[in-house]
Structures are given as structure tokens and as C-alpha cells.
Amino acid sequence: MIKLKKEVIKLLSSATGLPQEEICSGISTPPNSDMGDLSFPCFKLSKVAGNKPNEVADDVVKKIQPCIDKGSVVETVVSKGPYVNFTAKRSAMYNEMLSFAVSLKSKGFRKDPNKKNIVIDYSSPNIAKPIAFHHIRSTMIGSIIGNIFESLGYNVIRINYLGDWGTQFGKLITAFEEFGERNLLEKQGVKHLLDIYVKYHKAESPVLEEKARTWFKRMETGDEKAISYWKEFRELSIKEFNRVYDRLDVKFTNIEGESFYNNSSESLISKIDDKIGVKESEGALIVDLEAFNMPPVLLKKKDDTTLYATRDLAAAYDRMNRFSFDESLYVVAHQQELHFKQIFKVLELMDCDWFSKCKHIQFGLLHLAEGKMSTREGNVVFLEDVIDKAVILAEKAISEKNPDLENKKEVAEAIGVGSIIFGDISKRRTQDIVFNWDEILNFDGETAPYVQYTHARACSMLSKAGYGELDIKSINNYSPDDLEYELIKLILQFEDKLEEAKREYEPFVLARYVLDICRVFNRYYYQEKIIDIEDDAKRMSKLALVYSSKETIKEVLKIIGIKAPQRM
Ligand code: ARG
């Protein structure tokens with residue numbers, strides 16, 4: 000579609016005198032193909048010209064028609080009411096698709112570097128607890144947004160801002176001294192830490208609370224014993240987190256949590272005080288935001304210890320200094336909306352002209368439909384348990400559908416993990432999601448297994464046909480039929496869809512997109528007997544379309560972090 004778009008933009012620009020960027024943002028893909036392949040509305044132009052939009056559209060068409068020559072990708076240009084509609088030469092679109100598929104195969108989709116830095120803070124769980132099920136949201140939405148930016152040529156700094164500092168670690172150390180057992184810690188790891196943390200809270204003991212405060216103070220002043228406890232718990236946690244990240248194939252460039260900023264609070268606070276003034280309120284230090292209808296930001300507690308907001312402010316400055324980012328994204332649940340509004344407001348008041356580059360990328364809640372997946376502690380559902388369950392269910396499905404499959408375990412892992420990831424991005428991120436096992440694992444639903452199965456189906460068709468690598472030279476002048484053309488146009492929307500997903504910070508756009516490709520591909524698969532076609536040239540041209548569909552599905556799956564097995 001890129002060639003068509005480029006040409007259409009040029010034609011429209013010279014016919015109307017409008018700048019290319021303005022035209023680019025005006026043109027769209029019409030919902031049905033009898034309105035052409037690209038469409039341009041003339042409402043704005045008509046206001047400037049003082050003519051009716053329909054007349055302006057007629058005029059534009061008259062100007063453009065003589066400019067369309069033999070080498071053009073455009074086949075026809077017509078006006079329909081206030082719109083100018085362009086239709087492409089199908090064979091040219093088909094050829095563009097083939098080149099696209101060849102480049103996907105050889106290097107994946109990766110635009111040239113644009114030297115822009117994007118910081119993304121995602122996953123960011125609190126240490127000393129297992130990663131909970133709901134963490135999949137920040138983890139995957141953040142990771143996928145990172146992949147989207149990377150594909151489009153940005154330099155992405157992926158930060159796991161661990162919750163590894165704060166009063167809760169004073170409580171944890173106290174709990175460990177009181178209830179902890181070394182052998183259990185070795186055996187159960189972080190789950191033991193959660194156990195004793197729960198015990199600490201159940202005790203509701205002022206004596207323990209006092210101890211906890213002291214321990215955290217000792218941490219903040221760098222006391223050796225306190226720090227060594229903290230280090231041990233932190234390392235243990237990271238080791239367990241990595242086990243989950245590995246299964247999800249999620250990576251970070253920087254693991255730097257709140258503790259990274261425990262020493263920068265003094266200079267930060269005096270900087271804030273110089274510029275906008277800090278206030279004392281009941282012994283605590285605050286920034287007053289009453290003028291902006293927001294509660295105050297707490298910078299320091301009565302006992303001189305720092306807070307979540309203090310560290311986030313220090314982190315924002317530090318990230319700007321180190322990465323001079325073009326955007327800094329915080330992929331965090333919508334419950335923290337106020338927190339980020341406050342932080343960004345303080346940055347604005349501090350005259351940081353970059354405050355508007357910081358964005359809170361929020362998302363809704365995630366529930367399990369069954370509500371009560373067994374957990375040992377309270378009502379936290381662990382992500383690892385959910386993944387395990389999905390994989391078991393996937394394995395069961397494979398045993399029914401394809402009992403002789405060779406690498407059953409590996410494929411079950413790909414489907415199980417995939418179904419959770421796809422479920423997570425199956426709606427716009429701000430919406431709440433309820434997971435239902437039958438739904439997310441349904442091979443005929445709008446799910447990962449459906450997409451993965453479509454990909455595997457294309458693979459098996461190609462291998463049955465003895466089709467190797469795509470060879471463009473052997474194909475010439477193929478004119479696709481209507482259904483084929485629909486598929487080709489979808490494939491050629493790849494870059495537009497990535498841009499849309501980037502603009503909206505919305506992985507769902509890609510989930511929807513790959514489902515659309517699969518839907519049309521499956522219709523194609525059922526309607527046409529491709530392998531049995533006798534005419535060699537025709538068969539090869541159709542197989543090349545199957546191949547291109549397969550490569551495109553695989554690439555979208557890669558960006559959304561889902562594996563594409565060849566066989567299922
Ligand atoms: N650790 C926090 C939590 O679990 C999330 C941190 C998000 N990132 C940030 N820069 N505040 O709620």
C-alpha cells in the first residue's frame with residue numbers, strides 16, 4: 000500500500016496545492032472496496048475554495064486524471080460525492096506484497112534507526128512476593144509497546160522499575176527475624192517471604208511495627224545487616240521473576256528499581272524547595288498542589304524516610320539526564336492515575352519543559368472468570384500458576400486434535416503462554432478483561448491458538464505443495480481475484496497498523512489486525528483448491544500469496560510476543 004499511498008499523496012498534493020503531510024493525514028482506507036482502495040475527503044478544501052465539496056471532488060479528479068500514466072500504480076480515480084477515490088492496479092499491489100514478504104523473511108520488519116529514545120517503564124513488580132497474575136498486563140503491554148517502537152526504528156530503553164525500596168522492607172526484615180526459617184526460604188523462595196509478611200500483618204503488633212520502622216531506617220542509612228537482608232531478598236526475587244520473564248520471552252535493558260534512588264532524595268528535595276517550595280505538614284514534607292485540585296505530594300515522612308513519589312520524581316529526572324528521551328512511558332494500572340498526574344504536575348511546575356513527554360500508559364483490571372483459582376495465600380493468584388494451567392489445558396487440546404505431534408510439550412507451552420498474552424491484548428488496554436479458560440483457548444475464537452493454527456495451516460499447505468522459498472522472479476503479472484485482493488491489501492497495511500498501534504500505545508490494534516488477516520486467509524483456504532491447480536504459473540502465484548500471509552502472521556505474532564509453531 001506504500002507505493003499506492005505515496006503516489007496518491009503526490010497526485011493530490013499537486014492537484015490541490017495542499018502540503019503532503021496534510022493529505023497524508025486526510026486519506027483513509029474506505030470500509031468497502033467499491034469505494035476504491037484509498038479515499039480523500041474534500042470538506043476542508045471546499046471551505047477554503049468556497050465551493051461545494053462534491054464540486055471540489057469533481058475538480059480534483061479532472062486535474063488528476065491526465066497525470067495517470069502507464070507506470071502508475073493507480074488504475075482509476077473517480078469522485079463519489081465529496082470523496083476522491085483511488086483504485087490501484089491489482090497486479091502492482093500483488094508485486095508490492097511479494098517484495099514485502101521477501102524482506103520480512105530476510106530481516107523481519109525493522110525501519111532504519113531514527114535516533115529517538117523511548118523509555119518504557121513496565122512490569123515493575125514489588126520484590127519479595129511472587130509475580131501476581133495481574134502483572135501480566137503491565138509486563139506484556141509494556142513489552143509489546145517496546146517491540147512496536149523498536150520495529151519502527153526507535154531506540155527503546157526497557158526499564159524494570161522494581162518496587163525494591165520502602166517501609167515494607169523494614170516489615171519484611173522484622174517478619175523474617177520473627178517468623179522466618181532459612182530452610183523454608185531455600186525451599187520455597189519468595190513464597191516463604193510472602194507467608195511471613197502475611198503473618199507480620201496478622202499479628203497487628205505495635206512492637207513489631209516499631210521494629211519495622213527501625214529496620215527501614217537502618218536500610219536508608221546503609222546499615223550493613225539491613226542491607227544484606229535486603230540484598231538477599233532482592234536477588235532471590237529477581238531470580239524468580241526471570242523464570243517467568245523467560246517463559247513470556249520478555250526482556251529489559253535496565254533493571255533499576257526504587258532503591259536506585261534512595262540516595263538522591265536530599266538533592267531532589269532541595270531542588271524542589273528552591274524552585275517551587277516545599278511545606279511542612281504534620282512533620283512531613285510535602286509539595287502543595289491544592290491550586291491544581293490535587294492532594295499534596297508527600298516527599299518525606301515524619302521519620303525522615305522517603306516515599307514512592309519522591310523516588311519517582313528522582314527517577315524521572317535521572318531518566319531525562321541519562322537518556323534524553325523523546326518519550327518516557329509508564330505502563331501502570333489506572334489506579335495510579337493520580338500519582339502520575341501529581342508527579343507530572345510537579346515536573347511542570349519545576350519548569351521541566353520535557354514534562355509533557357512523560358506519559359502514563361494506563362490499563363484496566365484483569366480477572367479470572369472462575370475467581371478462585373486455588374492459592375495458598377489470601378487471594379493472590381500467581382502468574383506462574385496461571386501459565387502452568389494454560390499450558391496443561393493446551394496440552395490436553397493437542398492430545399485430542401493431533402496426538403502424534405512430535406514436540407507436543409514445546410507447542411503446548413507456545414499455545415498456553417500465547418493464549419494468555421493474546422487474551423491480555425484482546426481488548427483496548429483501558430478496558431477491564433475477564434479471562435475465561437474456554438474462551439482464551441478456543442481454537443475457533445479470536446484467540447492465540449486460532450492465529451497460531453492459521454499460521455501452521457499455511458505452513459502445512461506450503462510443505463504439502465513442496466513450496467520452498469518465495470522466488471519473485473518466477474512470478475509475473477498475476478491479477479488477483481477479489482478475495483485475494485482483500486488479503487493482499489490487508490498484508491500491505493502492516494506498517495500503517497504498526498504506526499496506529501504506536502500512536503495509540505495500543506497492542507490491541509495488532510491483535511485485531513492479525514485476526515483480520517487470519518479470517519480472510521481462512522476463507523481463501525477453504526474456497527480455493529490451490530494445491531490441485533494444474534496451471535503452474537497460477538498455482539505458484541497463489542502459493543506465493545499463502546507464503547506472504549504466513550510471513551505476515553508470523554511477524555505480527557513476533558511483535559506481540561507470541562510463538563508461531565510450524566505444526567500444531
Ligand atoms: N511497583 C509498583 C507497583 O507494583 C509499580 C511501579 C510503576 N512504575 C513507576 N515508575 N512508578 O504498583
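Everything in the sequence shown is counted per numbering that gives the first Met the number 0, starting at 0 for the first residue and increasing by one. All C-beta atoms, glycine included, are put in the ideal place defined by N, C-alpha and C.
Rounded Cβ spacing between residue i and residue j (contact assumed at less than 8 Å)
i           : j           : result
residue 127 : residue 171 : 5 Å
residue 152 : residue 116 : No, residue 152 and residue 116 are not in contact; Cβ-Cβ is about 12 Å, not under 8 Å.
residue 566 : residue 455 : 6 Å
residue 552 : residue 538 : Between residue 538 and residue 552 the Cβ distance is about 21 Å, and since that is not below 8 Å, they are no contact.
residue 424 : residue 558 : Not quite, the Cβ-Cβ distance comes to about 11 Å (not below 8 Å), so this is no contact.
residue 364 : residue 144 : Not quite, the Cβ-Cβ distance comes to about 19 Å (not below 8 Å), so this is no contact.
residue 19  : residue 8   : 5 Å
residue 166 : residue 304 : 7 Å
residue 3   : residue 37  : 6 Å
residue 150 : residue 88  : So it is not a contact: roughly 28 Å between Cβ atoms.
residue 469 : residue 546 : 5 Å
residue 236 : residue 189 : 6 Å
residue 509 : residue 496 : 6 Å
Start-to-end residues for the alpha helix (DSSP H) that takes in residue i
i           : result
residue 538 : 535-558
residue 220 : Counting along the chain, residue 220 falls outside any alpha helix (DSSP H), and DSSP gives it neither H nor E.
residue 487 : 481-490
residue 321 : 307-322
residue 561 : No alpha helix (DSSP H) holds residue 561; DSSP gives it neither H nor E.
residue 510 : 507-526
residue 258 : No alpha helix (DSSP H) contains residue 258, which DSSP labels as neither H nor E.
residue 442 : Segment: none, residue 442 is in no alpha helix (DSSP H) and carries neither H nor E.
residue 468 : Residue 468 -> no alpha helix (DSSP H), and no H or E assigned at all.
residue 177 : 166-178
residue 433 : Here residue 433 belongs to no alpha helix (DSSP H); instead the beta strand (DSSP E) covers 432-434.
residue 72  : Unbroken run through residue 72: none, as it is neither H nor E.
residue 194 : 189-202
residue 493 : 493-502
residue 425 : Segment: none, residue 425 is in no alpha helix (DSSP H) and carries neither H nor E.
residue 463 : 447-463
residue 578 : Beyond the ends of the chain as shown, which are 0 and 567, falls residue 578; an answer cannot be given.
Any non-hydrogen atom of ligand 1 within 6 Å of residue i CB
i           : result
residue 236 : no
residue 162 : yes
residue 93  : no
residue 159 : no
residue 125 : yes
residue 228 : no
residue 512 : no
residue 331 : yes
residue 311 : yes
residue 120 : yes
Segment limits, beta strand (DSSP E) that includes residue i
i           : result
residue 329 : 326-330
residue 38  : 37-40
residue 150 : Taken as a continuous stretch (DSSP letters only), residue 150 belongs to no beta strand (DSSP E), being part of the alpha helix (DSSP H) at 134-150.
residue 28  : No beta strand (DSSP E) contains residue 28, which DSSP labels as neither H nor E.
residue 84  : 82-87
residue 154 : 154-159
Residue j beta carbon less than 7 Å from that of residue i
i           : j           : result
residue 169 : residue 202 : no
residue 410 : residue 517 : no
residue 195 : residue 215 : no
residue 82  : residue 124 : no
residue 507 : residue 427 : yes
residue 568 : residue 159 : Outside the shown range of the chain, which is 0 to 567, sits residue 568, and nothing can be said about it.
residue 360 : residue 243 : no
residue 474 : residue 543 : yes
residue 312 : residue 275 : no
residue 35  : residue 84  : yes
residue 485 : residue 104 : no
residue 345 : residue 380 : no
residue 562 : residue 147 : no
residue 60  : residue 78  : yes
residue 164 : residue 258 : yes
Residue-level contact to chain B via CB, residue i, 7 Å cutoff
i           : result
residue 395 : Absent here is chain B; the protein component of the structure consists of one chain.
*Can you list, in chain order, the stretches of the beta strand (DSSP E) that have 3 or more residues and sit fully within the region 349-422?*
357-360 and 365-367
*Let me know the beta strand (DSSP E) ranges lying completely inside the region 266-302, each 3 residues or longer, listed in chain order.*
278-280, 283-286 and 296-299
_Extract the residue ranges of the beta strand (DSSP E) inside the region 91-128, only unbroken runs of 3 or more that lie entirely within it._
Listed in chain order, the complete beta strand (DSSP E) runs (minimum 3 residues) inside the region 91-128 are 116-120.
*Could you pull out every unbroken alpha helix (DSSP H) segment of at least 4 residues lying fully inside the region 46-70, listed in chain order?*
52-63
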